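Right, one structure below, let's go through it.
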Amino acid sequence: QGSNEGQCRPTREDQALPHWLKALSYLLFSVNITLALIATLWTFTQRAHPIIVAAQPTFLYIVAFGCAISSTTILLLGFDEQDMSNQSLDASCRLFAWFYGIGFGLSIS
172 QGSNEGQCRP
182 TREDQALPHW
192 LKALSYLLFS
202 VNITLALIAT
212 LWTFTQRAHP
222 IIVAAQPTFL
232 YIVAFGCAIS
242 STTILLLGFD
252 EQDMSNQSLD
262 ASCRLFAWFY
272 GIGFGLSIS
């Protein structure tokens, strides 16, 4: 938009994510990864139990790994112009779909 002096004023303002939202996303990611690790360790320690044997420990490991992979999308969506360059943000955006899709596929397989 032009002004009376012949100068252009910016029509777009960049809005960064609030710091509390980034902290919350890191907390949720940490909780998800911790729970996936706990589930994996519990499965490993209980692998001789008849119910775990019937559930196939390898399958349970894959489900936990899939949950951890899809949880990384929380981090990928939390980046903005303050954290990374536009090229890195584009790569992060492209990786989001892959991480979510692969993690989802592994966790429901």
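When you read off a place in the sequence shown, starting at 1, and then add 171, the result is the number in our numbering. Ideal placement from N, C-alpha and C gives every residue a C-beta, glycine not left out. Predicted model, so just to flag it, every value in this text is computed and none were measured.
So what's residue i in DSSP terms, helix, strand or just coil?
| i | result |
| --- | --- |
| residue 180 | coil |
| residue 250 | coil |
| residue 185 | coil |
| residue 235 | helix |
| residue 256 | coil |
| residue 218 | coil |
| residue 242 | helix |
Which residue's Cα is closest to the Cα of residue i: the options?
| i | options | result |
| --- | --- | --- |
| residue 237 | 196, 279, 274 and 225 | 274 |
| residue 188 | 180, 246, 261 and 250 | 250 |
Can you list, in chain order, the residues of its chain with a C-beta nearer than 6 Å to that of residue i? Leave out the 5 residues immediately preceding and following it.
| i | result |
| --- | --- |
| residue 207 | 235, 238 and 239 |
| residue 263 | 247 and 250 |
| residue 228 | 214 and 218 |
In its own chain, which residues sit with a C-beta less than 7 Å from the C-beta of residue i, not counting the 5 before and 5 after it?
| i | result |
| --- | --- |
| residue 244 | 267, 270 and 271 |
| residue 223 | 214 and 217 |
| residue 232 | 211 and 214 |
What does a CB cutoff of less than 8 Å around residue i pick up in its chain, not counting 5 residues either side in sequence?
| i | result |
| --- | --- |
| residue 260 | 250, 251 and 252 |
Over the uninterrupted alpha helix (DSSP H) stretch that includes residue i, give me the two end residues.
| i | result |
| --- | --- |
| residue 226 | 221-226 |
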